[in-house]
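Residue numbers (numbering that gives the first Met the number 0), protein chains in the order written: chain A, 0 to 685; chain B, 0 to 158.
By construction, the Cβ of each residue, glycine as well, lies at the ideal position given by its N, Cα and C atoms.
Every value quoted in this text rests on a predicted model; they were computed, and no experiment measured them.
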Amino acid sequence: MFAEFGYGILVVSFLVAIYGVIAAIYGAQNKSATLVESARRAMLLTFPLITLSAVTLIYLLVNDHYEVAFVYEVTSRSMPTYLKITAWWGGQAGSLVFWSFLMSGFASAVTLRKWDRDIEFLPWVIVVCSVTLAFFLGLSIFYENPFTRFWSVAGGVEPHMFAPANATLFTAADGNGLNPLLRHPGMIIHPPMLYLGFVSFVIPYAFAIAALVTGRTDDRWIRLTRRWSLWAWLFLSFGLVLGSRWAYDVLGWGGFWGWDPVEIAAFMPWLTGTAFLHSVMIQEKRGLLKHWNMILVILTYSLVIFGTFLTRSGVLSSVHAFAQSAIGPLFFAFIGISFVISIALLIWRWPELRSETEMKSMLSREALFLLNNLLFMSILVVCFWGVIFPLISELFTGQKVTVGPPFYQRATAPLFSALLFLMAIAPLSAWGHSTVQTLGRSMWKSAVAAAVITVALFFTYTKSIPALIGFSLIAFAILITLQEFWRGARARQKIQGENFFTALARLTSRNRRRYGGYIIHISMALMAIGILGINAFQTETQGTVAQGEELNISDYTVKYRELASWDNIGEGVNYTRAVVDVYRNGIYLGQLNPRIDYYFDAQQNMTIPGNRSTLRDDLYVLLVDWQPVSSNGATFKVYVNPLVNWLWIGSLVFFVGIIVAAWPDKDPETEVVRARRTVRQTSAAD
Amino acid sequence: MKPKFILGFLLIMAAVVYLIVSSTKASAEYFMTVDELKAEGSSAVNKSVRLSGAVIGDTIQYDADTLTLTFEVAHVSGDNNEIEAQGGLAEVLYQAVNDPTRSRVQVVYIGVKPDLLRGEAQAIMTGKLGDDGVFHADELLLKCPTRYEEAVPEQAASK
Numbered sequence: 000m001f002a003e004f005g006y007g008i009l010v011v012s013f014l015v016a017i018y019g020v021i022a023a024i025y026g027a028q029n030k031s032a033t034l035v036e037s038a039r040r041a042m043l044l045t046f047p048l049i050t051l052s053a054v055t056l057i058y059l060l061v062n063d064h065y066e067v068a069f070v071y072e073v074t075s076r077s078m079p080t081y082l083k084i085t086a087w088w089g090g091q092a093g094s095l096v097f098w099s100f101l102m103s104g105f106a107s108a109v110t111l112r113k114w115d116r117d118i119e120f121l122p123w124v125i126v127v128c129s130v131t132l133a134f135f136l137g138l139s140i141f142y143e144n145p146f147t148r149f150w151s152v153a154g155g156v157e158p159h160m161f162a163p164a165n166a167t168l169f170t171a172a173d174g175n176g177l178n179p180l181l182r183h184p185g186m187i188i189h190p191p192m193l194y195l196g197f198v199s200f201v202i203p204y205a206f207a208i209a210a211l212v213t214g215r216t217d218d219r220w221i222r223l224t225r226r227w228s229l230w231a232w233l234f235l236s237f238g239l240v241l242g243s244r245w246a247y248d249v250l251g252w253g254g255f256w257g258w259d260p261v262e263i264a265a266f267m268p269w270l271t272g273t274a275f276l277h278s279v280m281i282q283e284k285r286g287l288l289k290h291w292n293m294i295l296v297i298l299t300y301s302l303v304i305f306g307t308f309l310t311r312s313g314v315l316s317s318v319h320a321f322a323q324s325a326i327g328p329l330f331f332a333f334i335g336i337s338f339v340i341s342i343a344l345l346i347w348r349w350p351e352l353r354s355e356t357e358m359k360s361m362l363s364r365e366a367l368f369l370l371n372n373l374l375f376m377s378i379l380v381v382c383f384w385g386v387i388f389p390l391i392s393e394l395f396t397g398q399k400v401t402v403g404p405p406f407y408q409r410a411t412a413p414l415f416s417a418l419l420f421l422m423a424i425a426p427l428s429a430w431g432h433s434t435v436q437t438l439g440r441s442m443w444k445s446a447v448a449a450a451v452i453t454v455a456l457f458f459t460y461t462k463s464i465p466a467l468i469g470f471s472l473i474a475f476a477i478l479i480t481l482q483e484f485w486r487g488a489r490a491r492q493k494i495q496g497e498n499f500f501t502a503l504a505r506l507t508s509r510n511r512r513r514y515g516g517y518i519i520h521i522s523m524a525l526m527a528i529g530i531l532g533i534n535a536f537q538t539e540t541q542g543t544v545a546q547g548e549e550l551n552i553s554d555y556t557v558k559y560r561e562l563a564s565w566d567n568i569g570e571g572v573n574y575t576r577a578v579v580d581v582y583r584n585g586i587y588l589g590q591l592n593p594r595i596d597y598y599f600d601a602q603q604n605m606t607i608p609g610n611r612s613t614l615r616d617d618l619y620v621l622l623v624d625w626q627p628v629s630s631n632g633a634t635f636k637v638y639v640n641p642l643v644n645w646l647w648i649g650s651l652v653f654f655v656g657i658i659v660a661a662w663p664d665k666d667p668e669t670e671v672v673r674a675r676r677t678v679r680q681t682s683a684a685d
Numbered sequence: 000m001k002p003k004f005i006l007g008f009l010l011i012m013a014a015v016v017y018l019i020v021s022s023t024k025a026s027a028e029y030f031m032t033v034d035e036l037k038a039e040g041s042s043a044v045n046k047s048v049r050l051s052g053a054v055i056g057d058t059i060q061y062d063a064d065t066l067t068l069t070f071e072v073a074h075v076s077g078d079n080n081e082i083e084a085q086g087g088l089a090e091v092l093y094q095a096v097n098d099p100t101r102s103r104v105q106v107v108y109i110g111v112k113p114d115l116l117r118g119e120a121q122a123i124m125t126g127k128l129g130d131d132g133v134f135h136a137d138e139l140l141l142k143c144p145t146r147y148e149e150a151v152p153e154q155a156a157s158k
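Below is the structure:
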């Protein structure tokens, strides 16, 4: 009953989306405002429809309807209700519906805005959103139907949507249950965040396509979608950070990023999206790089669809594996077709997108932004090459050769370092023209301070040259950015007669995009400290110890005290928890409780680390094995991860920065004008 | 565009190409099946290899004192289409483990015993074949295909 209802609603939404596409195209061609309005209403209608279908699915999940194949796959009776709800995106079929739900929600939100002088964009934005929506709904209806049920037939049990001849409905006694690895707060929020990011990048793409089709090739589409892009970027970034945090807390291998294809698939749209956020500024300020921005937004869209496909089919069977999936070819066909059409439109409008001025100085702000874009694209190429290399080598040599994490680390480290350096100097350069002298004058203090810090680190912390280069770049970037805040606030203080902190707050709030961006730059540098720390200085030890014995690593001592193991029948889990005492240089610091959770329904272990986190380092203790009776004791693996906490601190600062940059203005147009005036004032005062 | 921009662009591209090529060379790993590894014989010794095979449950041994894990893997095809044609990964792994005529190789791994290691799991190991004919794995990934894929419940489960 419910299953048929949910499925029927999906079919109706699919038809409504298709109707929206046809009505919008036809309406735009014949300049029929009525038809376009009808398409807009169709777009708006999909959201309540898909919501209804999703609510039906959640109802089935929560109420243990194990005759439904998807419910059987991702839930079990022992799971608490909130996990049954979040199991919605715990499997491929459900998460495709989740994608459609977000897509229709965002598309509705965007069609509800006041269109006034941008009304010509409307039909084409509807077309792009509805086509994307129809694609995902079509996948749900024809290939990955979450409402498929089990039927008893002569040969056994088969999944079908509707009853085959002579079949009776089959209800399993209990479900498989969500993969225990996914029953973690980080994993509950991580997929929706990533999806929010993915889906919101469709909106800037839709506007770009609308601009190409209508020939309104000024920067209007960029101004309209600036905030969308920022929010999309925020969600995508947070999806990545949460995924990393989850890996660190749950996967128990001492790290947070393994460069496996699924992670890279989510990282690639982030790279193009970040490049896009930077390069649109050049178009807004200087009228340059119009083709390039189109290419970036088209690439981002393609990578978003690609990423949805990879993350979805991968995360299920294992964190580190692809699953074979029937929908793969369809995804590639969709990506291919939309990419070709987008590029064809771009080529058609190529002459109208010519730059308004020419880039002159190598050190101008726009040239440095262009360099930043090149670096992001280079990292993208490295990632893409790494992912497809096995295919290429098989094609040309007949032997499948793969590249692992060392490839990515080696190839991207210099590129990331160069980005750090650019991040430091680019805010100092001027639009149009800068010289080595002007740049040097404004950066020498920070450069000297960074050099002093590096020398201090050499004597107190590390003698490793690559690490010192990294630290000096990080220090340089942070110091210059702080100096920019200082300079702006001092100038304002002089002119307006405010005290320093008022000046700082007003400076930031009057020019939020710029200073929000600087806060994000600082957060990136802070994250870089964590990434550098764990990559350059991670140490590990492992061993089996009897009760009362110790393991030593760097200046820590880990003493095994006791171990307890018990069943929690209600949750269907066996917990084995060790208690270890932690000392540093002989001083008692506290206890850690590494544990192993064994899930009966999934027959799977989860190794949860005991982690003691400080700004200096993390002590990360894993319980590996234990002997219940004999005095042999337990086996532990211990990592010391220096500075890794800065990664998480940086991500919080990042959040602050992007809120500052993306928070809605009362009136965006006047805000921009006022912001420009402030800039002129500060530079005049300097 | 001025020549200096084009020159700068070309320099950067050259640097990126160099980075990619040299890093690829430095970290390439050869995908091999157990059959291929056996066929290469001594020429495969000390070559960085990513080996895949089906774990044979009875052979898993773990010494928690030295963190030494040993087990044997049986040959499974490396071709996804072939695996699909034979009834999916779970079926192929089951057959590989229960077929005594398949070629097998002994694996040694020093470290924590992974949670997913059990019979009929697919092991994907990165490491090198030693002179002793034992595969020394540095990295061990496991896939257990049946558990969360579209498994159809057994008839017996219904009451």
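Contacts of residue i in chain A (Cβ-Cβ under 9 Å)
i, result
"F70 (chain B)", "By Cβ distance, chain A contributes nothing, its closest Cβ being about 15 Å from F70 (chain B), past 9 Å."
"V111 (chain B)", "G251, W252, Q541, T606, L621, V623, D624, T634, K636"
DSSP beta-bridge partners of residue i
i, result
"G254 (chain A)", "DSSP lists no partner for G254 (chain A)."
"E561 (chain A)", "A:V578"
"V249 (chain A)", "Its beta-bridge partners do not exist; DSSP assigns none."
"R491 (chain A)", "Per DSSP, none; premise fails for R491 (chain A)."
"S51 (chain B)", "B:T32, B:I123"
"H432 (chain A)", "DSSP output for H432 (chain A) lists no bridge partner at all."
"T69 (chain B)", "B:Q60, B:V107"
"Q541 (chain A)", "A:K636"
"W114 (chain A)", "W114 (chain A) is not bridged to any residue."
"K142 (chain B)", "B:Q121"
"S151 (chain A)", "A:V156, A:T167"
Chain-ordered neighbours of residue i on chain A, where CB pairs are closer than 7 Å
i, result
"I11 (chain B)", "L373"
"S22 (chain B)", "F406, R409, A410"
Selected residue, minimal CA-CA separation from residue i, among the options
i, options, result
"V294 (chain A)", "A:M280, A:S441, A:L250, A:S341", "The sequence shown places Ile at residue 294 (chain A), not Val. Here the closest residue by C-alpha is A:S341."
"A265 (chain A)", "A:V451, A:I648, A:H290, A:L235", "A:L235"
"D616 (chain A)", "A:L646, A:F654, A:T411, A:F458", "A:L646"
"I297 (chain A)", "A:K284, A:F338, A:G469", "A:F338"
"D600 (chain A)", "A:M102, A:I21, A:E66, A:N178", "A:N178"
"W88 (chain A)", "A:V73, A:S77, A:M78, A:P79", "A:V73"
"T538 (chain A)", "A:A92, A:P641, A:A172, A:N371", "A:P641"
"P145 (chain A)", "A:I208, A:M361, A:G542, A:A68", "A:A68"
"I24 (chain A)", "A:W114, A:C128, A:T85, A:K113", "A:C128"
"P260 (chain A)", "A:V381, A:E561, A:R76", "A:V381"
"H135 (chain B)", "B:A89, B:A27, B:A43", "B:A43"
Buried versus exposed, by CB contacts within 10 Å (16 or more), residue i
i, result
"E3 (chain A)", "exposed"
"S612 (chain A)", "exposed"
"L506 (chain A)", "buried"
"P608 (chain A)", "buried"
"Y619 (chain A)", "buried"
"K444 (chain A)", "exposed"
"V15 (chain B)", "buried"
"W123 (chain A)", "buried"
"L82 (chain A)", "buried"
"K636 (chain A)", "buried"
Within chain A, the residues that residue i reaches when beta carbons sit closer than 8 Å
i, result
"G126 (chain B)", "Going along chain A, no residue has its Cβ under 8 Å from G126 (chain B), so there is no contact; the nearest lies around 11 Å."
"K46 (chain B)", "Correct list: empty, because the minimum Cβ distance to chain A is about 11 Å."
"A25 (chain B)", "P405, F406, R409"
"I19 (chain B)", "V380, V381, W384, A410"
"G77 (chain B)", "K399"
Cβ-heavy atom distance, residue i to the ligand MN, below 7 Å
i, result
"F457 (chain A)", "Questions concerning the ligand MN fall outside what the structure shown contains, since it holds no ligand whatsoever."
Contact set between residue i and chain B, taken where Cβ atoms lie within less than 8 Å
i, result
"P389 (chain A)", "F30"
Evaluate the contact criterion for the stretch 330-348 of chain A versus the stretch 271-287 of chain A: three or more CB pairs, one atom per stretch, below 8 Å. The answer is no - the stretch 271-287 of chain A does not touch the stretch 330-348 of chain A, with fewer than three Cβ pairs under 8 Å.
Count the C-beta pairs between the stretch 42-52 of chain B and the stretch 428-441 of chain A that are closer than 8 Å, then say yes if the count reaches three, no if not. No: the two stretches stay apart, fewer than three of their Cβ pairs being nearer than 8 Å.
Touching by the beta-carbon criterion (3+ pairs, under 8 Å), the stretch 489-502 of chain A and the stretch 541-551 of chain A: The stretch 489-502 of chain A vs the stretch 541-551 of chain A: no contact.
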